[in-house]
Amino acid sequence: MTVMTLLSEQQLLAMPESDYMNTEQRAFFRQRLLEEQQRLWQHIDVLKRDIDSGDVSGDEADKAAREEDLRLLFRQLDRESRLLPKMTAALARLEKGDYGYCLETGEPIGLARLLLRPTAELCIEAKTAQEMREPHLRKNKSASF
253 MTVMTLLSEQ QLLAMPESDY MNTEQRAFFR QRLLEEQQRL WQHIDVLKRD IDSGDVSGDE
313 ADKAAREEDL RLLFRQLDRE SRLLPKMTAA LARLEKGDYG YCLETGEPIG LARLLLRPTA
373 ELCIEAKTAQ EMREPHLRKN KSASF
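Counting from 253, one number per residue, gives the positions in the sequence shown under my numbering.
Put into structure tokens, the structure is as follows:
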């Protein structure tokens, strides 16, 4: 059994493009995704404890401050909970060998983009095009109501 040491970000970025999503790079991103997923679960647990551990007594100002704190905690919990399926999907793409490739174009997403957003599913060109379409779609949806 061989023990593989994980690359640093600099070593990863220094690899030639022809080595894109080789065994070492996949191992690097698998480890990064698993670590981020673990941190996310831990932070969600902290947020849940913070939500559960609030004193609702006090004057109106204290209650209002607690309500605002709860609103922010719930918003953060919601945002982070939405990341969990993205992490799971990224890990599944890694297992299938699809990780790192754009779901729309099939082109490489790129190491630099994956380092910033390991759950990325689209290359920058496809993501930009998607974002340009979104305001137009929202405008059409709101006009139909």
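Cβ atoms here follow ideal geometry from the backbone N, Cα and C, with glycine treated the same way.
The structure presented is a predicted model; accordingly, all values stated were derived computationally and were not measured.
query                                                                                                                                                 : result
Cβ of ILE296 within 8 Å of Cβ of LEU322?                                                                                                              : no
Suppose you measure from the CA of LYS379 to the CA of GLU312; what does that come to, to the nearest Å?                                              : 46 Å
Measuring CB atoms only, is the stretch 367-377 touching the stretch 324-331, in the sense that at least three cross pairs come out at less than 8 Å? : no
Would LEU285 pass as a contact of ALA364 if the rule is Cβ separation under 8 Å?                                                                      : no
Could you tell me which of ALA381, ARG301 and GLU332 sits nearest to CYS354, measuring between CA atoms?                                              : ALA381
Please look up how many angstroms separate the CB atoms of GLY352 and MET273, rounded, as I've assumed it's under 8 Å.                                : 5 Å
Would you decide whether LEU346 is buried or exposed? Buried here means 16 or more other CB atoms lie within 10 Å of its CB.                          : buried
Under a three-way DSSP split, which group does THR337 fall into?                                                                                      : According to the sequence displayed, residue 337 carries Pro and not Thr. If DSSP states are grouped into helix, strand and coil, PRO337 belongs with the helices.
Whole angstroms is fine: what's the gap from LEU329's alpha carbon to LEU335's?                                                                       : 10 Å
So, with DSSP's three-state summary, where would you put PRO370?                                                                                      : coil
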